[in-house]
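Just so we're aligned, residue 1 is where the sequence shown starts under UniProt numbering, counting upward by one. Here a beta-carbon is modelled for each residue, glycine too, at the ideal position from N, C-alpha and C. Predicted, not measured: the structure shown is a model, and the values here were computed from it. Comments concern the structure below.
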Amino acid sequence: MLTDTQMLQAMHFRSSVALQVTLDQDYNVPDNKSDIEKVIVENGEIQIQNIKTMPDKMILKGSLFWRMAYLKDRQNCTLDHMEGELPFEEVVNMDGLTEEARIRVDCEMEDLRVTMIHSRKVSVRSVVNVKVHASAVEEIPVVSEISDTEKHLCLQRRTLDVSGIAVRKKDTIRIREEMTLPGNKANMLELIWGEVQNRRVDIRPQDDKLLLRGEASVFCLYSGENEENPFEYAEADLPWQAELPCSGMREDMIVNSHLHKIAQSLEMKADMDGEMRLVMAEMVLEIDLEAYEEKKLQTVSDVYSLKCQLVPVYQEAAMRRVCIRNQTECKLYEKVRMPGEHAGVLQLCHPWAEIRMDRLELTEEGIRAEGVADVHILYVNEDDHLPLDIAGVMIPFACMIETGVLPKDVCFEVQPYLDQISAVMAGGDTAEVKMTVRLDTLVCQYMTIHVMTEISEGEANDGYMESLPNMTGYVVKKGDTLFSLGKQFCTTAQEIRRLNHIEKEEISEGERLLIMKQMSF
């Protein structure tokens, strides 16, 4: 028997594990660095460097790359800097995991603290929230057509709306942009500390490539040639654009991407006049993406013959369908009272924040997303011996992501991005913080269905056919269809319609039908 098949992409394995990793290590100050009087500011990134999968578990190896600026001379208010790498290794247990599974790891640094033990040693501590997602797909041949005119086949067809993964890619993108110091800033002698944040990200699929745009928000703290000022700072928002080759990508595909920074660097450069007034800012972004192609798969869900006994073979398949892919902006506004120890603020230098999602709940209106913005503000104060300090505040937020009416048993993920942040003094000891948080949302429905993968000819059930009367009066029950009744009483849907003068395709519960047996082997 001739059958045509189409390939259905089914989820063979899907699992997620969340864990919290605590990192703690002491570091000695290098011999070429000055003693520490006070730690001013710190930052860092988590980088997963190796993932080894084994049956039912995996080993993650990564590092926390940290940097700090500190006060080395309280009398002259001079600063120095120090950096390091804190490696870690974690075993993650996951039942059903195989070596062929595709792994995605999302790391969120909840807290990073560099504290002074004494003038020549610091303690680096951090809590890292790790979410591990594993999945594996398989291609299942599904019967889409059966060609055999001699056996008088009766087919029941079903259209499957599926979202198959057309492109999967994990890569790094290196962004390099140049910042010029403003005219009122002194030339640089040494870079002390800096931050490069990725904001206003826009990702669009194109034919055989992915187009990425964004802004690199650059801040640098440096010692300058102006002897009256022990330190200077400069900042700028630098637009960037990049293209990532993706074979098979099309403009109409739905892209689900996870983009985060894994490294940054700042380098002084001389301008055309030979003066150190340029900063080359570099950040390395890691992207993990899946591009979904929406298809309508025409399949044969059931079949029988009036001439022979057919035996269809079915297989269980976990099918995915993308319901919603959207972006929601959440604008935050908060008046923050600077703590008493931070009184006497002269100027706010640089605000930045990490966004963490705490709770996601599916409601009738949509997805309620609750999270917190961990805001840090670097500022100049009135203390001549400690002119630079940092303040921190946690700003909770809640946002409703509109999704419309969703089917049951949906899964969703929300990826937060910080698009914009600003902080200005609002009088007295109060700072006014404004932020725009973007929530990228993907909602998928996972359904387990039975699909026909092949069909063969079997032995006829003569006893059943002989037990059926040649003509039956039947009252339609709930769930009955013309196809199911035709198969049950050894006839065809067309014959039932002809005999009962039915013009429509569906039948209703309670209808009375006359059914005549036709099948004979």
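Whole-Å CB distance - H376 paired with W352, under 8 Å assumed: 6 Å
Residues bridged to G274 (per DSSP): Its beta-bridge partners do not exist; DSSP assigns none.
Check whether K170 and D288 have beta carbons under 9 Å apart: yes
Spatial neighbours of T430 in its chain, beta-carbon cut-off 6 Å, leaving aside the 5 residues before and after: K335, R337
Neighbourhood of H342 by C-beta distance below 8 Å, restricted to the same chain and skipping five residues each side: Model confidence at H342 stands at a pLDDT of 49, short of 50, so the residue's coordinates are unreliable; what they give is reported in the following sentence. Answer for H342: Y379, N381, D389, A391, D429, listed in chain order.
As assigned by DSSP and simplified to three states, the class of R498: helix
Counterpart residues of L259 in DSSP-defined beta bridges: I287
Neighbour flag for V114 against chain C, beta carbons, 9 Å: Of the protein chains in this structure there is only one, and it is not chain C.
CB of R277 within 9 Å of CB of T441, strictly: no
Nearest candidate by alpha-carbon position, reference Q25, set H81, N129, E85: Out of H81, N129, E85, E85 has the C-alpha closest to the C-alpha of Q25.
Distance, L212 Cα to C308 Cα: 59 Å
DSSP state of L514 mapped onto helix, strand, coil: strand
Exposure label - Q9; buried when at least 16 CB within 10 Å: Buried is the call here.
Residue from F412, E506, A281, M435 whose Cα sits closest to the Cα of V322: F412
Range covered by the beta strand (DSSP E) that runs through S34: From DSSP, S34 is part of no beta strand (DSSP E); its letter is neither H nor E.
Integer-rounded CB distance, given that K209 should sit under 8 Å from M253: That pair is no contact at about 12 Å.
Inter-residue spacing [alpha-carbon to alpha-carbon] between H133 and R14: 8 Å
Beta-carbon gap between E286 and L259 smaller than 9 Å: yes
Close-in-space but distant-in-sequence residues of the same chain around K33 (CB under 7 Å, 5 per side omitted): D80, M82
Proximity of Y333 and M179 at Cβ, strictly below 9 Å: The answer is no: Cβ separation not under 9 Å.
Contact check, V451 vs A317, beta carbons under 9 Å: It is a contact, given that the beta carbons lie within the stated cut-off.
Distance CB(S123)-CB(T115) smaller than 9 Å: Yes.
Straight-line Cα distance separating N76 from V372: 38 Å
DSSP state of Q75 mapped onto helix, strand, coil: The DSSP-derived three-state label of Q75 is coil.
Distance, D271 Cα to V74 Cα: The residue asked about is misnamed: residue 74 is Arg in this sequence, not Val. Distance between the alpha carbons of R74 and D271: 33 Å.
Exposure label - A18; buried when at least 16 CB within 10 Å: exposed
Integer Cβ distance of F219 from E195, believed to fall under 8 Å: 5 Å
Among V201, M283, T299, the one whose alpha carbon lies nearest that of T453: Ranked by how close their Cα comes to the Cα of T453, the residues V201, M283, T299 have T299 in first place.
Length of the line joining the Cα atoms of P30 and W240: 36 Å
Residues bridged to F234 (per DSSP): One detail in the question is off: residue 234 reads as Ala in this sequence, not Phe. Looking at the DSSP output, A234 shares a beta bridge with C220.
L485 - DSSP class collapsed to helix/strand/coil: helix
Under the three-state DSSP convention, the category S15 falls into: strand
Per-residue burial, A369 [other beta carbons within 10 Å of its own, 16 or more giving buried]: buried
The beta strand (DSSP E) enclosing V360, as first and last residue numbers: As written in the sequence, residue 360 is Leu, which differs from the Val given in the question. Where L360 is concerned, the enclosing beta strand (DSSP E) stretches over 345-362.
Nearest neighbour of N184, chosen from D148, A234, Q206 [CA to CA]: A234
Contacting residues, own chain, Cβ-Cβ under 7 Å from R510 (five flanking each side not counted): Per the sequence shown, the amino acid found at residue 510 is Gly instead of Arg. The beta carbon of G510 sits closer than 7 Å to those of V475, V476, all from its chain and outside the five residues before and after it, given in chain order.
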